[in-house]
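In what follows, a single structure is set out as structure tokens and then discussed.
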Amino acid sequence: PLGVDSFFDEQLERGAFHLVGGPGHVRRRLLGADPARTVLDAHATHATKLSWHAAAPAGRAPEVAPADGPKAFLASIEQFHALGYTVRFAEVGALAPALARFMRALEFLLHQPVKASLFWSAAGARAPVHYDDNDNVVIQLTGRKRWLISAEPPSLHNAWRDVAEGTPALIEPQAVDLDEGDLLYVPRGTPHTVISETESLHLAIVFTPVTLREVIIAALDHLSDDDRALREKAIGRHDAGVDMVALSARVGAVLDGLQAAARSPEFLTTALQRRSSRVIGGLERLVGASPPPLTPYSRVRHSPLAMCHMLATPGMIDFCQPGEHINVHRGVEPALRFISVTPSFRVADLPGEMADEVRVALVGRLVTSGFLEVLG
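So for the sequence shown, the numbering used here puts the first residue at 1274; every next one is plus one.
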């Protein structure tokens, strides 16, 4: 396996690379032992959310329709395959616990959202030459695929397309053959195409690291919290004309202020802390439950998808978890920090000067939010 440090420090954004797995590799089971069955069983949520692509389809794509069971869903997919289309199933992360945990681990490391899609191709299917908007970790689940990947350095293209942008050039393509359990990393902006040598299912787990552009945006957002001028309108009616001389002076003044502020490591640290809080709060909400009666002797643990980010203000702690911000009095900060780093504990283990009733209430709130779950 490739170590986390090697991937993030040596491989990220530098070019495609391939890791051999095999049918028995743990990656092969990220979407369950039978990935086709996993997605077919999700017909109620995914049958009408398909997308598709083909380099040279034999006809117009069929209409997407609800499916009343796995057999009907499979029949719909086979209609696409008969015309040469590969079918894409978006948002499959919630369909398998192993995949959900892997994605959450990446989100924890990146402080960025991570998405997963499944691609189901018939033998002989071929994708158009294209590049992806995000870095792509490909896991081959079943069958074999050949990837042809441009040898040019990745462009790291923005998520939007240039005006009148055409098909990207596939320059000196390198062939990579994926078998079951293999992993392929393709940085964003890398032109490629894919050919299915057999019927094939692969996962695409996509993300974009925090770029310098996003750091600058975080700094500007932080500055705008304290500078009213940044929150005032800059342009009203476009049809009335814009005084570009005055506007450029205003923008230049703001950029001068941003440049001065951004030279402070403390300013950037706070800006990125606030950005992380917003990003994690924007992830899909954890599933909580009403806790049973708790006592100081109750044992709890982190839920499988638990992660958090804490942001301290003079009077409050923003305990940010996926989908929720929980504001708690600063006095329980030691207990919250203990909870955040301790996978399993008794309620009575919480540090700090507080009554047991407060400990029970704090743990109960985090069980309700889905961060903790009760053992036994």
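C-beta: ideal position from N, C-alpha, C; glycine also.
Exposed or buried, which one is E1453 when buried takes at least 16 other CB atoms within 10 Å? buried
Report the CB separation of H1553 from P1595 in whole angstroms; it is logged as a contact under 8 Å. Looking at the sequence shown, residue 1553 is not His but Ile. About 6 Å; that satisfies the 8 Å criterion.
Reduced DSSP category for L1541 - H, G, I as helix; E, B as strand; rest coil: Here L1541 sits in helix by DSSP.
H1465, buried or exposed, once every other Cβ within 10 Å from all chains shown has been counted against 16: With 16 or more other Cβ atoms from the protein chains shown falling within 10 Å of its own Cβ, H1465 counts as buried.
Just to check my reading of the structure: C1593 and S1642 have Cβ atoms closer than 8 Å, yes? What is that Cβ distance to the nearest angstrom? Going by Cβ atoms, the distance from C1593 to S1642 rounds to 11 Å, so no, they are not a contact pair.
Consider the C-beta atom of I1444 and the heavy atoms of the ligand ATP; say whether any pair is separated by less than 7 Å. No copy of the ligand ATP appears in this structure; indeed no ligand is present at all.
For L1559 and F1644, believed in contact at Cβ under 8 Å, the rounded distance: 6 Å
My assumption, with CB atoms under 8 Å, is that L1443 sits in contact with L1421. Please give the rounded CB distance. 6 Å
Range covered by the beta strand (DSSP E) that runs through T1359: T1359 to F1362
With Q1532 as the anchor, note down where its beta strand (DSSP E) starts and where it stops. First-last for Q1532: M1517 to A1535, but that is the alpha helix (DSSP H), not the beta strand (DSSP E).
Which whole-angstrom value describes the C-beta separation of A1491 and R1548, a residue pair presumed to lie in contact below a C-beta threshold of 8 Å? 4 Å
Report the three-state DSSP secondary structure of S1473 (helix, strand or coil). strand
Terminal residues of the continuous beta strand (DSSP E) containing D1494? Careful: D1494 lies outside any beta strand (DSSP E), inside the alpha helix (DSSP H) at L1485 to D1499.
Which runs of the beta strand (DSSP E) at least 3 residues long sit entirely within the stretch 1544-1629? Give them in chain order. 1572-1575, 1582-1585, 1589-1594, 1597-1602 and 1617-1619
Roughly how many whole angstroms lie between the Cα atoms of H1403 and P1441? 6 Å
Assign S1428 to one of three DSSP states: helix, strand, or coil. S1428 falls in the coil class under three-state DSSP.
Pop quiz: K1418 and E1470 are said to be a contact at Cβ under 8 Å. What is the actual Cβ separation, rounded to whole angstroms? 6 Å
Measuring straight from C-alpha to C-alpha, what distance separates S1571 and A1369? Looking at the backbone, the Cα of S1571 and that of A1369 are separated by about 29 Å.
Going by DSSP, what residue range makes up the alpha helix (DSSP H) through H1354? P1343 to A1355
Enclosing beta strand (DSSP E) for H1291 [first to last residue]: F1290 to L1292
May I have the straight-line CA-CA distance separating L1379 from V1387, to the nearest angstrom? 7 Å
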